[in-house]
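*Asks:*
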Amino acid sequence: MTLSLSAAGLTKVYDGRAVVDGLDFAFQRGKVHAVIGPNGSGKSTLLRLLSLLDPPTRGTVLLHDGEDPVEANTSVRRRMAFVFQRPSLFNTTVLKNVETGLAIRGCPKRERSDLARAALRQVEMEKLGERNGRTLSGGESQRVALARALVVEPEILFLDEPTANLDPHSVRIIGKAIEKLRDGGRTTILLVTHNMFLAQRLADRVVFLFDGRIAEEGEASAVIERPQDERTFRFLTGELAG
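First residue of the sequence shown? That's 284 in our numbering, and the numbers climb one at a time after it.
(1) Check this for me: beta carbons of A430 and Q405, under 8 Å apart or not?
(2) What are the boundary residues of the alpha helix (DSSP H) that E423 is part of?
(3) Quick check on DSSP: helix, strand or coil for R484?
(4) Quick one: what's G342 bridged to in DSSP?
(5) Suppose the cutoff is 6 Å on Cβ atoms and the five residues either side in sequence are ignored; what does the same chain contact list for G305 look like?
(6) For the beta strand (DSSP E) containing K295, list its first residue and its last residue.
(7) Take the Cβ of P391 as the centre, count every other Cβ of all protein chains shown within 10 Å, and call the residue buried at 16 or more, exposed below.
(8) I need the straight-line Cα distance from S504 to V489, nearest angstrom please.
(9) Using three-state DSSP, classify N380 as helix, strand or coil.
(10) Identify which residue in G495, Y297 and I472 has its Cα closest to the Cα of L485.
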């Protein structure tokens, strides 16, 4: 069974301010959840909490394997992957960068290259496999970071602004790769984005976060086209600073 994720009373406090404030939420297995909201609303912090990168001040991240609760340990973390807004690539070839997660997970060495090349094909980067990862453009680096996540076949994938400030060509390729993963139905995807076109195209559900709390949540088309909360409407129409 696929790993599932939920939160109970999830709170993160920085300098006396609750950046994420008492969230209760369950993410549906195999669905894409787009988290939207103004800058400073707690979106990236929420992803870091849910992905177990940061501990909450209060509350709990709940994980289930099928119907059975599981503890947040190293083996569980290896069933997840995170693509950061500004990915950091190692000072080695693109191919070796993508192989890294496989090596950590104990994948036999003879299989890593083939799997990494297949992942690079998904993001149209296979021709640059022998380039040093640190010589790539921003869009190319983000595509390699996505391939590095895809190659380990995560059950839960966290994407923090994966298309921010990228060229249209890279945005198209990244969107296409996420869409293919979504259509497979085996991976739960949490996508933080300011790109409403991307959210509407890829997401099954949308969560609108405001001041660390969920102001509105529902089917993507309903929230984006017919928002019920005034703050959601103001954000989508550009009246509320993004």
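The C-beta atom is built at its ideal place from N, Cα and C for all residues, glycine as well. Being a predicted model, the structure only gives us computed values, none of them experimental.
*Replies:* So, from the listed chains and residues:
(1) Between A430 and Q405, the gap from beta carbon to beta carbon is short of 8 Å.
(2) From DSSP, the alpha helix (DSSP H) with E423 extends over G421 to L433.
(3) If DSSP states are grouped into helix, strand and coil, R484 belongs with the helices.
(4) DSSP, once it has assigned bridges, lists no residue as partnering G342.
(5) The residues are G292 and T294.
(6) According to the DSSP assignment, K295 belongs to the beta strand (DSSP E) that extends over L286 to Y297.
(7) With fewer than 16 Cβ atoms within 10 Å of its Cβ, P391 is classed as exposed.
(8) Rounded to the nearest angstrom, the gap between the Cα atoms of S504 and V489 is 8 Å.
(9) Three-state DSSP puts N380 in a helix.
(10) Nearest to L485 by C-alpha distance, out of G495, Y297 and I472, is I472.
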